[in-house]
Structure formats: C-alpha cells, structure tokens
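J.:
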Amino acid sequence: MEVDDQQISKIKKVFLILSGKGGVGKSSVTTQLAFALYEKGYKVGVLDVDLCGPSIPKMFNLENGVINQSESGWIPVYYDNEKRLGVISIGFLLNSKSDAVIWRGPKKNSMIKKFMTDVVWGDLDYLLIDTPPGTSDEHLAVMENIRSINYSDYSAVLVTTPQNLSVNDVRREITFCHKVGIPITGIIENMSGFTCPNCKDCTYLFTRQGGKILAEKSNCTFLGAIPIDPNLTRCIENGLDFLTTLKDSPCYSNIKEITDKILA
Amino acid sequence: MSQEPERQEMSQEVPEHCPGVSSEKAGKSSACQGCPNQNICASGQANQPDPDIELIKDHLKTVKNKILILSGKGGVGKSTVCGQISYALAAHYESENKQIGVLDIDICGPSLPQVFGVQGEQIHQSGSGWSPIFVDENLSLMSIGFLLPSLEDAVIWRGPKKNGLIKQFLRDVDWEELEYLLVDTPPGTSDEHLSIVQYLKPAGLTGAIIVTTPQEVSLLDVRKEITFCKKVGVPIIGVVENMSGFACPKCKVESQIFPPSTGGAEKMCEEMDVNFLGRIPIDPQIGQCCDEGKSFIKEFPNSPATQAYNGIISRIHKFVATSQ
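One line per chain: the protein sequences are U and D, in this order. Following the UniProt record's numbering, the numbering of the first sequence begins with 1 at its first residue and continues without gaps. Following the UniProt record's numbering, the numbering of the second sequence begins with 1 at its first residue and continues without gaps.
#1: Give a yes or no on whether 7 Å exceeds the smallest Cβ distance from D/Thr189 to chain U.
#2: Which residues of chain U have a Cβ atom closer than 7 Å to the Cβ of D/Ala26, listed in chain order?
#3: Does the count of Cβ pairs from the segment 129-144 of chain D and the segment 16-29 of chain D closer than 8 Å reach three?
#4: For D/Leu68, which residues does DSSP report across the bridge?
#5: Let me check understanding here. Comparing Cα to Cα, which of U/Ala36, U/Gly105 and U/Ile11 lies closest to U/Thr117?
#6: Taking the alpha carbon of U/His178 as the point to measure from, which residue in U/Asp201, U/Ala100, U/Asp229 and U/Ser218 has its own alpha carbon closest?
#7: For the segment 130-156 of chain U, which residues have a beta carbon sitting closer than 7 Å to at least one beta carbon of chain D?
#8: Can you check whether the CB of U/Gly73 is closer than 7 Å to the CB of U/Val119?
#9: Whose Cβ in chain U lies nearer than 8 Å to the Cβ of D/Thr227?
#10: Consider the Cβ of D/Phe319: report whether some Cβ of chain U lies at a distance smaller than 7 Å.
#11: In chain D, which residues lie less than 8 Å from U/Tyr42 when you measure between Cβ atoms?
#12: So is U/Cys251 in contact with chain D if we call contact Cβ pairs under 7 Å?
#13: Would you say U/Asp169 and D/Gly109 are within 7 Å of each other, going by their C-beta atoms?
#14: Alpha carbon to alpha carbon, what distance is there between U/Ser89 and residue 292 of chain U?
#15: Please decide whether residue 265 of chain U counts as near chain D, where near means a Cβ-Cβ distance under 7 Å.
#16: Determine whether the beta carbon atoms of D/Lys77 and D/Asn242 lie at a separation below 7 Å.
#17: What does a CB cutoff of less than 7 Å around U/Arg172 pick up in its chain, not counting 5 residues either side in sequence?
#18: Return helix, strand or coil for D/Pro281, following the three-state DSSP convention.
#19: Is the beta carbon of D/Val63 within less than 6 Å of some heavy atom of the ligand FMN?
#20: Where in the segment 194-249 of chain D do unbroken runs of the alpha helix (DSSP H), each at least 4 residues long, occur, reported from the N-terminal end onward?
#21: Give the straight-line distance between the Cα atoms of D/Lys230 and D/Gly207, rounded to the nearest whole angstrom.
#22: Where D/Lys162 and U/Ala156 are concerned, what is the direct C-alpha to C-alpha distance, given to the nearest angstrom?
#23: Tell me whether the segment 181-197 of chain D and the segment 101-111 of chain U touch, counting them as touching only if at least three CB pairs, one residue from each stretch, are closer than 8 Å.
#24: Which residues in the same chain have their Cβ closer than 8 Å to the Cβ of D/Ser43, if we skip the five residues on either side of it in sequence?
#25: By Cβ distance, which residues of its chain are closer than 7 Å to D/Ile282, with the 5 residues on each side in sequence left out?
#26: Can you give the Cα-Cα distance for U/Tyr42 and U/Asn95, rounded to whole angstroms?
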C-alpha cells in the first residue's frame with residue numbers, strides 16, 4: 001500500500017498501551033492519559049485496535065460518532081471543537097451495540113493496517129494505541145505497521161492490576177516487547193485500592209503493590225498507581241463528561257504525575 | 001513442542017471484504033480478485049471437512065458434559081469463575097467419584113495453573129496421549145501454562161498456530177471418563193472461539209456460561225458474545241454477573257465499584273432472552289484464594305460469595321438435566 005510519508009511523519013510519538021490480562025483498565029488508562037495530555041495543550045490521537053471488544057467510544061462518550069471518508073482517508077471522530085483530541089475505533093463502524101466482530105487473524109490484520117495507514121490524523125503530538133489483551137495477531141500487526149510506516153519514536157506503556165494473576169500476564173507482555181523490539185516506557189498499576197465512600201477505609205481488593213514489585217524485578221520504570229474511583233466508572237456508564245469528572249477525582253493527581261514521568 | 005503443519009498454507013493477507021473460506025462465494029466473489037488465496041478457496045480445498053473433527057468426536061465420547069466459559073470483556077473473572085465452579089463441581093461429585101476436567105485455551109494468558117495452585121507442573125506424555133495435571137482426586141487441568149519453560153515466556157502466535165494447539169488439546173489429552181469438561185477461553189470472539197466451537201460442536205457441546213461484570217462497558221462486549229453464540233449455534237446456559245458490589249470489611253456498607261447503570265446483567269439477560277445464573281459479590285478473599293491456588297468455596301463455606309456459587313451450580317445442574 002502506498003503510504004504518504006509526509007502525512008505519517010507528523011506524529012511525534014506513539015505510545016502502545018499493553019497488558020497481558022484483560023480488564024485491567026487499558027482503555028480506562030488510555031482515556032485518562034489522553035485527557036491528561038490534552039489538558040497539557042497537546043494534540044492527541046487515540047487509536048483503538050481492540051476489534052472484538054472496542055471500549056474507547058464509550059469511554060469518550062462518543063458512541064454515536066461516525067468516521068467520515070475524505071479524499072485522503074478516514075477522518076477521526078473528534079472529542080472537541082478545536083479538534084485536538086481525535087479517536088478511531090471499530091466501534092464507530094458497527095451498526096448496533098450488540099454487533100459482534102467474529103473475525104480470524106488475517107481479517108483483523110487487514111483492518112488494523114487500514115487503521116494505521118488510512119487515517120488522516122493531521123499534526124499529532126501523541127498517538128495512543130489501545131490494544132486487546134494478549135500477545136497475538138493484533139499486536140504483531142500493529143508492530144509490523146509501525147515498522148513499515150517508519151514511526152521513529154514509539155514505546156510501550158504496560159498496565160497491570162496488583163494481583164499475581166495479572167502480574168504474570170504482564171511478565172509475558174514484557175517478554176513480547178523484548179522479542180519484537182519495543183522499548184518499554186514503564187508500568188502503571190491500576191485499581192490499586194478502593195477507598196470506602198462511607199468510612200474512608202482503604203481496602204486493597206486485588207492485594208497490594210504487585211505492579212511495583214514487578215517493575216523492580218524486571219528493571220522497568222514504575223510509573224505509578226491509580227486507585228479505583230467508582231465515580232469515574234459511573235461517569236463513563238452514564239455518558240457524562242469524563243474530563244470534568246476526572247478533574248475532581250483522586251485519580252487525577254496520580255495520572256498527572258504518571259504523564260509527567262512518561263514525557264520526561 | 002511439536003506443532004503439526006497446517007493442512008494448506010494460506011496467506012495472511014486477505015482483502016477487506018473476504019467472504020470467508022467456508023462461504024459458498026469463497027474464491028468467487030468480487031473481493032477475491034487478486035487475493036493470494038483465491039485459487040485455494042475456489043477449489044473448495046479450504047472448505048473440506050477437517051478429518052480431525054471425527055477424531056475429536058471419538059476421543060471425547062467419554063466426556064458427558066462439555067461447557068464453554070466465555071466473556072466478551074477481559075478481566076471480568078472468567079478464570080476465577082471457571083476455577084471456583086470447577087472446585088464446586090468436583091466437591092459435589094467427590095462421593096460418586098466422578099471426574100471433572102478443565103481445559104484452558106487462553107493461549108496468550110493462561111491463568112488457570114495459578115488459580116489451581118499447580119504452577120510449574122510438567123505434562124507427561126503417555127501411550128494414550130498427554131496426561132492432564134491433577135489438582136484434586138477428581139479434578140484435572142490442561143493448560144499451555146504447563147508447556148512453557150518459565151512464567152516470563154510469551155506465546156506470540158498468530159491464529160493458525162493457536163488453532164493447531166487447541167486441536168491437539170482436544171484430540172490428544174487423555175481425560176478418560178469425565179462428568180464435566182469446562183473450557184476456559186480468552187476474551188473476544190476470534191480464532192480461539194471459532195476453533196473451539198468448530199471442533200467441539202460435532203462432539204456435542206452442552207452450552208456456554210458467559211461471565212460479565214455489572215457495568216455497561218462490560219455488558220457491551222457480552223452482548224457481542226451472546227450474538228456470537230447465537231450465530232454459531234451454541235446454547236447459552238446462562239450469564240454470571242461477577243464483582244457485583246463490595247461490602248467494606250470495616251463498616252459493612254456496600255458500594256457499587258462497577259455500577260450497573262443499565263440495570264446490570266439481569267436486565268440484559270431479559271432483553272436478550274437468556275438465563276441469568278446469579279451474581280457473585282466482590283470479596284478480596286476470592287482474589288487471594290486464586291493467587292494462592294486454593295478453593296474459595298472450601299476455605300470460606302459460609303461467605304455470601306460461596307452461597308452465590310452454590311446457587312449458580314444448582315442452576316447449571318438444572319440446565320444440564322433438562323437438556324439431556
């Protein structure tokens with residue numbers, strides 16, 4: 001496929017959001033990072049390559065978004081009028097919310113290739129790529145396309161929850177990064193603890209500090225921990241504005257610190 | 001580990017509107033023009049019945065009930081629920097000395113060896129196939145986790161290779177007689193799911209248990225999974241809602257960590273006309289039992305979560321009894 005070099009080279013840095021385990025909050029962390037970068041004044045793109053379970057449209061409250069086709073390719077769905085935060089997901093291409101994408105690898109690969117070569121992002125400071133769990137077709141396809149497009153600057157942000165089960169899968173993801181040659185920016189521990197809204201007692205639902213210990217063991221940077229905030233989940237659920245709720249959340253200071261560490 | 005060659009080398013590059021190899025239009029539709037697989041598809045070779053399906057059918061005829069554990073979303077607790085249901089079934093059938101088998105086909109992220117506390121065990125090859133690892137007197141497990149040299153090892157495989165291993169698991173594991181075989185799957189609706197249904201359906205698939213959490217983000221994906229089951233013709237035993245509310249251990253006040261803003265799984269079940277099997281509350285001790293490889297139901301027989309599991313088990317029994 002012909003790739004317009006000029007168009008692609010406008011993306012300054014690509015972050016892949018990875019985790020071995022599902023449901024650790026990759027999409028939620030991707031969304032929080034995107035908003036933190038947006039608030040810093042950057043131009044941000046979010047690409048959702050989870051074809052069988054796209055959550056990104058719901059996270060950005062853009063469920064009714066439509067991808068338009070222009071002469072030079074697909075136009076992302078924008079969160080804001082300024083068009084500083086654009087989103088691409090297969091969710092925008094499905095007719096109804098119960099539609100299933102039942103595809104084997106090769107079909108998924110060609111869709112990802114289209115997503116990575118045919119979207120008109122324009123100038124971007126950061127492109128965040130949200131991936132499905134595992135180390136399989138989608139991940140290999142993303143890497144192949146990154147290489148063939150010649151993105152110069154890319155790296156992975158790994159997300160885990162604190163329990164052993166999840167940490168084990170992230171260890172596999174680290175091996176994956178080493179094998180395919182993706183530099184690792186660091187590890188984020190999500191759902192670290194839950195502060196009871198009634199008595200303020202903090203319970204560690206999924207045991208403690210697994211992400212931090214893993215980062216030390218595997219020589220990765222520990223980027224920080226994000227606590228559980230039911231208000232954030234509720235806001236996604238009810239289709240409220242994520243950014244407004246995020247700013248009031250105890251997660252916000254954590255995600256800002258994490259963002260600074262990632263950009264440092 | 002030996003890996004059998006694919007029957008026919010197919011290229012990974014397919015056109016966007018590929019009709020699929022099993023379609024009547026395979027190799028003949030307008031989208032097939034220029035596809036490297038066009039000739040293979042047009043010849044009908046790719047759509048030949050797989051001879052292994054008969055072998056699998058024969059091999060699994062001593063397995064009475066075959067159940068898939070599915071969920072659209074990852075991390076909703078498929079493996080946890082699969083593990084605890086297996087422990088409960090094993091305890092239920094202990095006196096009758098009937099066997100429960102568990103097959104983990106989450107090839108990129110096998111969690112069950114940890115949930116059952118049998119990490120680092122080695123698979124033995126016998127004359128009659130691969131021997132599963134025994135967790136208990138009447139509970140055995142097969143997982144790719146046993147075939148990896150270390151915890152860090154990643155299985156970076158594309159679809160066809162994963163399918164080959166799933167086939168080997170179904171054809172070559174020496175389960176002997178089983179009352180139940182539970183198959184734990186990875187999240188999504190892709191290669192692993194299509195393959196397991198393709199191989200197991202002719203051998204008689206009892207049905208699928210779908211696991212979700214209460215919030216809409218998870219239900220979104222579960223609706224897709226239900227659509228998948230209906231499309232490929234897998235009966236749905238029911239939906240389990242996991243992580244339903246959390247009772248603070250200090251003040252006992254219950255919080256909805258994953259709020260059911262659209263009515264949760266029960267309402268979705270009504271809308272989509274499938275059984276609701278029950279809801280399991282969040283209990284940090286469940287996670288701890290999984291990290292330590294213990295049976296939660298045995299360790300905490302009086303907890304509300306155990307009662308929830310028992311209710312779910314009896315509903316599964318009821319479904320199985322009426323479907324036979």
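Every residue gets a Cβ at the ideal spot worked out from N, C-alpha and C, and that includes glycine. Fair warning: this is a prediction, and the values are worked out from it, not measured in the lab.
T.: Working from what's here:
#1: yes
#2: Near D/Ala26 there are no residues of chain U at all, since even the closest Cβ is about 13 Å away, more than 7 Å.
#3: Contact check between the segment 129-144 of chain D and the segment 16-29 of chain D: fewer than three CB pairs, one atom from each, fall below 8 Å, which does not count as touching.
#4: D/Val183 and D/Ala208
#5: The shortest Cα separation from U/Thr117 among U/Ala36, U/Gly105 and U/Ile11 belongs to U/Ile11.
#6: U/Ser218
#7: Pro132, Pro133, Gly134, Thr135, Ser136, Asp137 and Leu140
#8: yes
#9: Ser98, Asp99 and Ala100
#10: no
#11: Here the premise fails: no neighbours, minimum Cβ distance about 26 Å.
#12: no
#13: Contact flag set, yes.
#14: Lying outside 1 to 264, the shown extent of chain U, residue 292 of chain U is not represented and no answer is given.
#15: The shown model of chain U, from 1 to 264, leaves out residue 265 of chain U, and the question about it has no answer.
#16: Checking the sequence, you will find Gly at residue 77 of chain D rather than Lys. The answer is yes: Cβ separation under 7 Å.
#17: Gly20 and Thr135
#18: strand
#19: Inclusion of the ligand FMN in the displayed structure is not the case, the ligand content being empty and no account of it being possible.
#20: Complete alpha helix (DSSP H) runs here, min 4: 216-232.
#21: Roughly 11 Å between the two C-alpha positions.
#22: 25 Å
#23: The way I'd put it, the segment 181-197 of chain D does touch the segment 101-111 of chain U; three or more beta-carbon pairs between them come closer than 8 Å.
#24: Counting only Cβ-Cβ distances below 8 Å, and skipping sequence neighbours, we find Gly27.
#25: Met243, Gly245, Phe246 and Ile257
#26: One C-alpha to the other measures close to 32 Å.
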